[in-house]
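Asks:
Protein chains: 2
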Amino acid sequence: MTTIKDIAKEAGVSVTTVSRALNGYYDVNENTRKKIQQIAAELNYSPNSVARSLVTSKTKTIGLLVSELSRSALKDSFMVEIMGGLNAYAGEAGYDLILFSTDSAKQRLKSYSQLCRERQVEGAIMLGMKKDDPYLTEVIESNIPCVLIDIEMSGENVGYVTTDNEFGAQTAVKHLINLGHRNIAMVNGHDQALVSQHRLKGYKKELQEAGITFRQHWVVDGQFQEETAEKEAEKLLQEYPEISALFCASDLMALGAMRSAKKLGRNIPESLSIAGFDDIVLASYAHPPLTTVAQDKYKMGYEAGKLLLHILNGDPTKRVTILDNHLVIRNTTTANNQKVPFN
Amino acid sequence: MTTIKDIAKEAGVSVTTVSRALNGYYDVNENTRKKIQQIAAELNYSPNSVARSLVTSKTKTIGLLVSELSRSALKDSFMVEIMGGLNAYAGEAGYDLILFSTDSAKQRLKSYSQLCRERQVEGAIMLGMKKDDPYLTEVIESNIPCVLIDIEMSGENVGYVTTDNEFGAQTAVKHLINLGHRNIAMVNGHDQALVSQHRLKGYKKELQEAGITFRQHWVVDGQFQEETAEKEAEKLLQEYPEISALFCASDLMALGAMRSAKKLGRNIPESLSIAGFDDIVLASYAHPPLTTVAQDKYKMGYEAGKLLLHILNGDPTKRVTILDNHLVIRNTTTANNQKVPFN
DNA sequence: TTGTATGCGTTATCAG
DNA sequence: CTGATAACGCATACAA
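Top line first, the protein sequences correspond to chains R and X. In terms of this note's numbering, the first sequence opens at residue 1 and continues consecutively. In terms of this note's numbering, the second sequence opens at residue 1001 and continues consecutively.
1. 7 Å is my cut-off, CB to CB: does residue 1285 of chain X come that close to chain R?
2. Does DSSP put residue 1186 of chain X in a helix, in a strand, or in coil?
3. Strictly by DSSP, which residues pair up with residue 149 of chain R?
4. Are at least three pairs of beta-carbons, each pair with one atom in the segment 1312–1328 of chain X and one in the segment 1207–1225 of chain X, less than 8 Å apart?
5. CB residue 158 of chain R to CB residue 144 of chain R, shorter than 7 Å?
6. What is the rounded straight-line gap between the Cα of residue 149 of chain R and the Cα of residue 1220 of chain X?
7. Check whether the segment 1283–1294 of chain X touches the segment 281–290 of chain R, taking contact to mean three or more Cβ pairs, one atom from each stretch, closer than 8 Å.
8. Just to confirm, are residue 62 of chain R and residue 97 of chain R a CB contact at a threshold of 7 Å?
9. Taking the beta strand (DSSP E) that residue 249 of chain R falls in, what are its first and last residues?
10. Between X:1029, X:1182, X:1087 and X:1004, which lies nearest to residue 1041 of chain X when the distance is taken from Cα to Cα?
11. Could you tell me the alpha carbon to alpha carbon distance between residue 1136 of chain X and residue 46 of chain R, rounded to whole angstroms?
12. Compute the Euclidean distance between the alpha carbons of residue 1022 of chain X and residue 1012 of chain X, then round it to the nearest angstrom.
13. Going by other Cβ atoms of all chains shown within 10 Å of its Cβ, with 16 needed for buried, is residue 1318 of chain X buried or exposed?
14. Give the DSSP-derived three-state secondary structure of residue 10 of chain R in the structure shown.
15. Can you check whether the CB of residue 179 of chain R is closer than 7 Å to the CB of residue 337 of chain R?
16. Looking at C-alpha atoms only, which residue of X:1242, X:1324, X:1261 and X:1334 is the closest neighbour of residue 1164 of chain X?
17. Taking Cβ-Cβ distances below 8 Å as the criterion, which residues of the segment 1020–1049 of chain X are in contact with chain R?
18. Measure the CB-CB distance between residue 1185 of chain X and residue 1236 of chain X and report whether it falls below 7 Å.
19. Quick one: what's got a C-beta closer than 6 Å to residue 111 of chain R's C-beta in the same chain, skipping five residues either side?
20. Let me know the secondary structure DSSP gives residue 1256 of chain X once reduced to three states.
21. Tell me, please, which residues DSSP counts as bridged to residue 1294 of chain X.
22. So, does the CB of residue 295 of chain R fall closer than 7 Å to a CB anywhere in chain X?
23. Roughly how many whole angstroms lie between the Cα atoms of residue 1019 of chain X and residue 1057 of chain X?
24. Using the Cα positions of residue 268 of chain R and residue 99 of chain R, report the straight-line distance between them to the nearest angstrom.
25. If you measure between the beta carbons of residue 226 of chain R and residue 256 of chain R, is that distance less than 7 Å?
26. As a quick exercise: from R:293, R:244 and R:230, pick the residue whose alpha carbon is nearest that of residue 195 of chain R.
27. Flag residue 51 of chain R as yes if its beta-carbon sits less than 7 Å from any beta-carbon of chain X, otherwise no.
28. Around the C-beta of residue 1229 of chain X, are 16 or more other C-beta atoms found within 10 angstroms, so that it is buried, or is it exposed?
29. If you reduce the DSSP assignment to three classes, tell me which class residue 1212 of chain X lands in.
30. Would you list the one or two residues that DSSP bridges to residue 1061 of chain X?
Here's what the structure looks like:
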């Protein structure tokens, strides 16, 4: 590894000059700069960012904290796409991403905030955490600049990015209502997810606007899991066969619900309409292809990076980014032709 | 940020003692150690890995070099699963992952090896590169310890992990042959992929063993892309309707082929059997669910990490890891009932 | 068992 | 325009 010292010796100048020449300072003679640059190139020099970080106390590093990069939970392309967007923005801003995932040996040994401090990350993005995740409060309390995905917490050094979940839910439910459905049940995620609450709210609101009475027992929790959703949907559909449409708070759960419908002999969409949320890759490949509320996950990651840099740059104005979404109508929803009477 | 200096002052000892106490050296009095540990805890101390790295010249960092984390290519869960496995092993070994992806502003400005040198990564894992990718040769020549996924290159500091592609292809083709198929075509990836060559070899070998003559024009390249595969398969099936089975070198291409088959009115599997390779998430959700050669992508990442650490530890013996795979029979393959005569 | 001194590669301060 | 010199936080050879 060649250092600026080597270059200095070779060029017959001091390390100071080398440093300044290479960093584009203006107070250095153009000829010496040229010479130094040339020698640097010849010696295949790369600056040692570790040493630089030590003195500048800037690592140009963002920590990406994900709750599980483990075997499960990979079905939804969610995480990857967000990572893609984040990585793109980070790259543009001259930052690199360092990955912290919970599912390793260090899991209980070192906390996230410890990891962040050790690695001296300038800020963090948190992904896939539940509201009650101990790591979440820990990082927030640790005062590390931080952007959360889909968790509404903000403050001095904390911001979040999410989509307009209430609106998204409304568009989906409105779509079902417009198709003549009135017996619309919902498969939600769980209480610990903010998005669940908002999507539920949108569902209620839209029902209300259409003059349809909300029924608490027509809302079940699928834990954002395919299997759980399948079971819950099955119970629900068995007990209330008059349900003609299902709004699911995630695509994965919608896939589970579709499976339960098939098991019960309900054809989709003729005998049961189903709408999801997210538009994961699987949605368009499902059979039939799933009608769903599409959110731009890549952009979510990109905007998260942008927001984090706002915070890092001390801009006090912006802490929240709400992205929009839109309904993608595919083949799991159709006009209601239920024989049973309305409520 | 509290440093060992703060602790030293507080404990009334020298920084040396603090350093050794915290790093578990034996030549320090148990009482002083206790005291120091306690103070460290009180002050919420975290060692500064940047400073440590500078002096030890070990960063405990692995660079994960992926060719594209961009919007496309996210359909196959491949990358994520590999990352999951790698991350798990890295965590166990006390390493963190730093992400380098090509699709950013720095794309042409900084080469991968520059990035690696700057960040002082101890080693790198390369993922999703083509054989002729300039970055590939660059990193290898740069002498950074490196493990490649699915690219057969090895040497002093370079190793690779892949699956037994020839064997996998053979099991898939054998399965088709056992079902009575003889007119079996292949949708391959492209020449720049090692796995393509091996899978082709397995395909040929198995045909030969069954006494079926190999036909070069029954092998088309789908570029590992769904759309290209769809087009190529369509042309192939139109020109040679006697083809009763298709072996595809990736699941994504198999999905493309399935689409072309449907377009041509060929029911799957009754009128056309299709087998894929990889067993990505989409495979089991396809309609009908795809028969495919399953490889353990999580393990691939895990083993890649393991192999890299072998190299880093100077173990000269191990440079190659070949994982096994197995055929998962789903519903896209069935007994041949083609009316047209054999070759 | 503990402390002193030195250096890792770089940037920053200040004097020339 | 250029160069000594100190400092970042830590680990380590050596001395005590």
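Every residue gets a Cβ at the ideal spot worked out from N, C-alpha and C, and that includes glycine. Since the structure is predicted, the reported quantities are computational estimates derived from the model, not experimental observations.
Replies: According to the structure data:
1. Position 285 of the second sequence, counting from 1, holds the residue named residue 1285 of chain X. Look at residue 1285 of chain X: its C-beta is under 7 Å from a C-beta on chain R.
2. The residue you call residue 1186 of chain X lines up with position 186 of the second sequence. Three-state result, residue 1186 of chain X: strand.
3. Sequence index remark: in the first sequence, residue 149 of chain R carries index 149 (1-based). Answer by DSSP bridge pairing, in chain order: R:161.
4. no
5. Here residue 158 of chain R refers to the residue found at position 158 when the first sequence is read from its first residue. Here residue 144 of chain R refers to the residue found at position 144 when the first sequence is read from its first residue. It is not a contact, given that the beta carbons lie outside the stated cut-off.
6. As a working note, residue 149 of chain R is residue 149 in the first sequence. As a working note, residue 1220 of chain X is residue 220 in the second sequence. Approximately 43 Å between the Cα atoms of the pair.
7. yes
8. Residue mapping note: residue 62 of chain R aligns to position 62 of the first sequence, counting from 1. Residue mapping note: residue 97 of chain R aligns to position 97 of the first sequence, counting from 1. For residue 62 of chain R and residue 97 of chain R, yes; Cβs fall inside 7 Å.
9. Locating residue 249 of chain R in the first sequence gives position 249, counting from the first residue. Element bounds for residue 249 of chain R: n/a, residue is neither H nor E.
10. Mapped onto the second sequence, residue 1041 of chain X falls at position 41. Residue 1041 of chain X has its Cα closest to that of X:1004, out of X:1029, X:1182, X:1087 and X:1004.
11. Counting from one through the second sequence, the residue named residue 1136 of chain X turns up at place 136. Counting from one through the first sequence, the residue named residue 46 of chain R turns up at place 46. Roughly 19 Å separates the two Cα atoms.
12. As a working mapping, residue 1022 of chain X is identified with position 22 in the second sequence. As a working mapping, residue 1012 of chain X is identified with position 12 in the second sequence. Their Cα atoms are separated by approximately 15 Å.
13. As a position in the second sequence, residue 1318 of chain X is number 318, starting the count at 1. By the neighbour-count rule (16 or more Cβ atoms within 10 Å), residue 1318 of chain X is not buried but exposed.
14. Reading the first sequence from its first residue, position 10 is the one you call residue 10 of chain R. Three-state DSSP puts residue 10 of chain R in a helix.
15. Taking the first sequence and counting its residues from 1, the one referred to as residue 337 of chain R is at position 337. Taking the first sequence and counting its residues from 1, the one referred to as residue 179 of chain R is at position 179. Not a contact, by the Cβ cut-off of 7 Å.
16. For the purposes of this step, residue 1164 of chain X is taken as residue 164 along the second sequence, with counting starting at 1. For the residues X:1242, X:1324, X:1261 and X:1334, the minimum Cα distance to residue 1164 of chain X belongs to X:1324.
17. 1046, 1047, 1048 and 1049
18. Taking the first residue of the second sequence as 1, we reach residue 1185 of chain X at position 185. Taking the first residue of the second sequence as 1, we reach residue 1236 of chain X at position 236. A contact, by the Cβ cut-off of 7 Å.
19. As a working mapping, residue 111 of chain R is identified with position 111 in the first sequence. So the list reads 138, once near-sequence residues are dropped.
20. Residue mapping note: residue 1256 of chain X aligns to position 256 of the second sequence, counting from 1. If DSSP states are grouped into helix, strand and coil, residue 1256 of chain X belongs with the helices.
21. Taking the second sequence and counting its residues from 1, the one referred to as residue 1294 of chain X is at position 294. DSSP, once it has assigned bridges, lists X:1278 and X:1326 as partnering residue 1294 of chain X.
22. One-based indexing of the first sequence puts residue 295 of chain R at position 295. Chain X contact via Cβ: absent.
23. Within the second sequence, residue 1019 of chain X is the residue found at index 19, counting from 1. Within the second sequence, residue 1057 of chain X is the residue found at index 57, counting from 1. Rounded to whole angstroms, residue 1019 of chain X to residue 1057 of chain X spans 17 Å at the Cα level.
24. Looking up residue 268 of chain R in the first sequence gives position 268. Looking up residue 99 of chain R in the first sequence gives position 99. Cα-Cα distance, rounded: 41 Å.
25. As a working mapping, residue 226 of chain R is identified with position 226 in the first sequence. As a working mapping, residue 256 of chain R is identified with position 256 in the first sequence. A contact, by the Cβ cut-off of 7 Å.
26. As a working note, residue 195 of chain R is residue 195 in the first sequence. Selected option, being the one with the closest Cα: R:293.
27. If you number the first sequence from 1, residue 51 of chain R lands on position 51. With 7 Å as the cut-off, residue 51 of chain R counts as an interface residue toward chain X.
28. As a working note, residue 1229 of chain X is residue 229 in the second sequence. Buried: at least 16 other Cβ atoms inside 10 Å.
29. The residue you call residue 1212 of chain X lines up with position 212 of the second sequence. The answer is coil: DSSP assigns residue 1212 of chain X none of H, G, I, E or B.
30. Reading the second sequence from its first residue, position 61 is the one you call residue 1061 of chain X. Answer by DSSP bridge pairing, in chain order: X:1096.
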